[in-house]
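Enquirer:
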Amino acid sequence: MSPRELMRVYSRDERLNTGRFFSSGGLEVSPGDHVGVVLMVPGAPKNETEVADYIYRRMMGPSRAVTSAKVWMRHALSLMRARLSAGTLTKRLDSIGGGTAIERMNREQAEAVQRCIRSRTALPDSVRVSTYLGSPFGSPELEETASRMVDDHVTHVILLPLFPQYASGTTGRGLAEWEAMLARGSLPRWPTVAVWEFARNEKYVQAICDRIDQALQRFPKHIRDDVHLLFAAHGRITIHSERDADPYCCLVHNTVDSVMERRSHDRLFTLSFVRDGLFGNRLSSDLATRLAALKKTGCRAVLVIPVDYVSEQFDTSYLLDVRLRDTADESGIVHYHVMTGLNCHPLFIESVSDMIVERITAGRVRTGSDQAISCPRHSWRSDAIGIENRRECGICPYHGSQSSDAQQRGARSSERPSDISPGERLAAQTKPPMPPTARSTAGRTS
4 MSPRELMRVY SRDERLNTGR FFSSGGLEVS PGDHVGVVLM VPGAPKNETE VADYIYRRMM
64 GPSRAVTSAK VWMRHALSLM RARLSAGTLT KRLDSIGGGT AIERMNREQA EAVQRCIRSR
124 TALPDSVRVS TYLGSPFGSP ELEETASRMV DDHVTHVILL PLFPQYASGT TGRGLAEWEA
184 MLARGSLPRW PTVAVWEFAR NEKYVQAICD RIDQALQRFP KHIRDDVHLL FAAHGRITIH
244 SERDADPYCC LVHNTVDSVM ERRSHDRLFT LSFVRDGLFG NRLSSDLATR LAALKKTGCR
304 AVLVIPVDYV SEQFDTSYLL DVRLRDTADE SGIVHYHVMT GLNCHPLFIE SVSDMIVERI
364 TAGRVRTGSD QAISCPRHSW RSDAIGIENR RECGICPYHG SQSSDAQQRG ARSSERPSDI
424 SPGERLAAQT KPPMPPTARS TAGRTS
């Protein structure tokens, strides 16, 4: 199914924001079964000829905010921007060894997860588990992955997108693509479950903390205590409308909140979003504004933490380590570093393995810390670096005037069955959008 057709079919599908294309529960396996685990990744173009198509597919993700009448407009705009951006992206890929370097990193993760799973004693006897990589945007293609699984005689499937925070344009897109292949008979109807998100997974959060500690060692010792933590999320903060209740924004806030709680709020921190719009070359104006504001407060050192990618991508290698570094220099930030991706961090590999094993061992799926209940943003202090908070997350219930109601709704949501997706929790907690003149008092800096 072409990206244009996928957008036309799924943009009105409520499951795009909930993940309920597949259950998040456990599998019923028997001795001799072969479980195939599809690790969905952003992928990358293998060579220059695939670059424009990769960008186009990233821009053409189905969205509940895009009506059928606007699909052709998105198609034309995405096609034009992809062709114009192809040269720039090619240079970025070349700077980090090409798209094959990214695929190699993802493959190392998949192999590490498979080794970890095979070392577990909790698996049922004679049940095999194999890991596969697949991307809804580029190489390795999901259809190629499914073909390999057929050849390997897989009997059950676990879909595990390596996007910690559920978003319609990443996890939702991947699950929709897999269901579309099922609908057109491109793969067998295997018993299939999915991991929707792991924004608050304890081992994942601790792995981020470890990487932060490692990155802090790159700063001069006398300023380490004053390093400002700038969390950078690659998606968009703005939720388009009440109809488009994408949980991504709230889940990013959950991850940042969990990391800072684990670190006992040892430093000031800020959360910013890398892009103002669609996938492309530009950094958001918010990032530059925040760096300039930090400098005015006397900040000399900033550590950027990519919070929604679990491996090195050209975004982190170029947008943050090159483009944003130039912006930091212009803003007068003397010491600037970007945290290394989680890649094959042992705790991260264990967290992924745990989520897989839990869905195989009699369906005993953990809940609680692995699944975000509600957005913590209402409890964050107002922005301490002198930036007026904009009206964002228009349908999010966590505006300052609604914070007490939000806490009550969040408490009620935690009493619901565990098999409720983040998107459904957000939709259930959401009130109509606030008036355009309203301002959020929920800050993003501690």
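Throughout the sequence shown, residue numbering follows this note's numbering, covering 4 to 449 in sequence.
The beta carbon of each residue, even a glycine, is placed where N, CA and C say it ideally should be.
Take PHE109 and list the residues in its own chain whose beta-carbon comes closer than 7 Å to its own, dropping the five residues that flank it on each side.
Expert: A quick correction: the sequence has Asn, not Phe, at residue 109. VAL44, LEU136, SER314, listed in sequence order.
Enquirer: How many angstroms separate the CA atom of GLU106 from the CA atom of ILE215?
Expert: Using only the alpha carbons, I get a separation of about 24 Å.
Enquirer: Taking C-alpha atoms, which residue in HIS237, VAL40, TYR169 lies nearest to HIS156?
Expert: Here the closest residue by C-alpha is VAL40.
Enquirer: Here's the rule I'm using: 16 or more other beta-carbon atoms within 10 Å means buried, otherwise exposed. How should PRO48 be labelled?
Expert: Answer is buried; the Cβ neighbour count reaches 16.
Enquirer: Excluding five sequence neighbours on each side, which residues of the same chain lie with their C-beta closer than 8 Å to the C-beta of ARG121?
Expert: Counting only Cβ-Cβ distances below 8 Å, and skipping sequence neighbours, we find VAL132.
Enquirer: Quick one, are the C-beta atoms of ARG187 and PRO139 less than 9 Å apart?
Expert: No, these two residues do not count as a Cβ contact at 9 Å.
Enquirer: Specify, as a first and last residue, the run of the alpha helix (DSSP H) that MET184 falls within.
Expert: From DSSP, the alpha helix (DSSP H) with MET184 extends over 176-186.
Enquirer: What did DSSP end up calling THR258 once you bin it into helix, strand or coil?
Expert: Helix, per DSSP.
Enquirer: Since LEU327 is in the alpha helix (DSSP H), which residue starts that stretch and which ends it?
Expert: 327-334 is the extent of the alpha helix (DSSP H) around LEU327.
Enquirer: Taking the straight line between their C-alpha atoms, what separation do you get for ILE161 and GLU182?
Expert: Distance between the alpha carbons of ILE161 and GLU182: 13 Å.
Enquirer: Rounded to a whole number of angstroms, what is the C-alpha to C-alpha distance between SER354 and GLU205?
Expert: The alpha-carbon atoms of SER354 and GLU205 are separated by roughly 8 Å.
Enquirer: Do PHE272 and LEU233 have their C-beta atoms closer together than 9 Å?
Expert: Their beta carbons are under 9 Å apart, which means PHE272 touches LEU233 by this criterion.
Enquirer: Quick one: is VAL153 buried, meaning 16 or more other Cβ sit within 10 Å of its Cβ, or exposed?
Expert: VAL153 is exposed by the Cβ-count criterion.
Enquirer: What would DSSP say about ALA210, mapped onto helix, strand or coil?
Expert: Correct three-state label for ALA210: helix.
Enquirer: Buried or exposed: where does VAL196 fall if 16 or more other Cβ atoms within 10 Å of its Cβ makes it buried?
Expert: Label assigned to VAL196: buried.
Enquirer: Which of the three DSSP states is assigned to ALA197 in this structure?
Expert: It is a strand residue.
Enquirer: For ALA79, which residues in the same chain have their Cβ closer than 8 Å to its Cβ, ignoring the five residues on either side in sequence?
Expert: For ALA79, where only same-chain residues beyond five positions count, there are no Cβ hits under 8 Å.
Enquirer: Helix or strand or just coil, what does DSSP make of LEU350?
Expert: Helix at LEU350.
Enquirer: Which of the three DSSP states, helix, strand or coil, is assigned to TYR251?
Expert: In this structure, TYR251 counts as helix in the three-state DSSP scheme.
Enquirer: So, using beta-carbon positions, are VAL116 and ILE363 closer together than 9 Å?
Expert: In this structure, ILE363 does not lie closer than 9 Å to VAL116 by Cβ.
Enquirer: By a C-beta neighbour count over all protein chains shown, 10 Å radius and 16 as the cutoff for buried, is ARG15 buried or exposed?
Expert: Label assigned to ARG15: exposed.
Enquirer: Please list, in chain order, all residues of the same chain as TYR339 whose beta carbon is under 7 Å from its beta carbon, the five residues on each side excluded.
Expert: Result list for TYR339: VAL305, ARG328, ALA331, in chain order.
Enquirer: Mind checking which residues open and close the alpha helix (DSSP H) that includes ALA47?
Expert: Premise fails: ALA47 is in no alpha helix (DSSP H) and is neither H nor E.
Enquirer: What does DSSP give as the partner residues of PHE276 in its beta bridges?
Expert: Partner(s): ALA236.
Enquirer: Please name the residue or residues paired with ALA304 in a DSSP beta bridge.
Expert: Answer is HIS338.
Enquirer: Residues in the same chain with beta-carbon distance under 6 Å from SER261, minus the five sequence neighbours each way, listed in chain order, please.
Expert: Cβ within range, chain order: ARG203, VAL208.
Enquirer: In whole angstroms, give me the CA-to-CA distance for PHE222 and PRO250.
Expert: Distance between the alpha carbons of PHE222 and PRO250 is about 35 Å.
Enquirer: Considering just the uninterrupted stretch of the beta strand (DSSP E) at ARG227, what are its terminal residues?
Expert: Unbroken run through ARG227: none, as it is neither H nor E.
Enquirer: Quick one, which of THR300, VAL307, GLY172, LEU286 has its alpha-carbon nearest GLY22's?
Expert: Answer by Cα proximity: GLY172.
Enquirer: Quick check: what's the CA-CA separation for VAL198 versus GLY301?
Expert: Roughly 43 Å separates the two Cα atoms.
Enquirer: With which residues is GLY39 paired in a DSSP beta bridge?
Expert: Beta-bridge pairing links GLY39 to SER133, VAL160.
Enquirer: CA-CA distance, ALA291 and SER334?
Expert: Near 8 Å, if we compare the C-alpha coordinates of SER334 and ALA291.
Enquirer: Taking the alpha carbon of VAL337 as the reference point, which residue from VAL259, ARG270, LEU163, LYS299 has its own alpha carbon closest?
Expert: Looking at the Cα atoms, LYS299 is the closest of the given residues.
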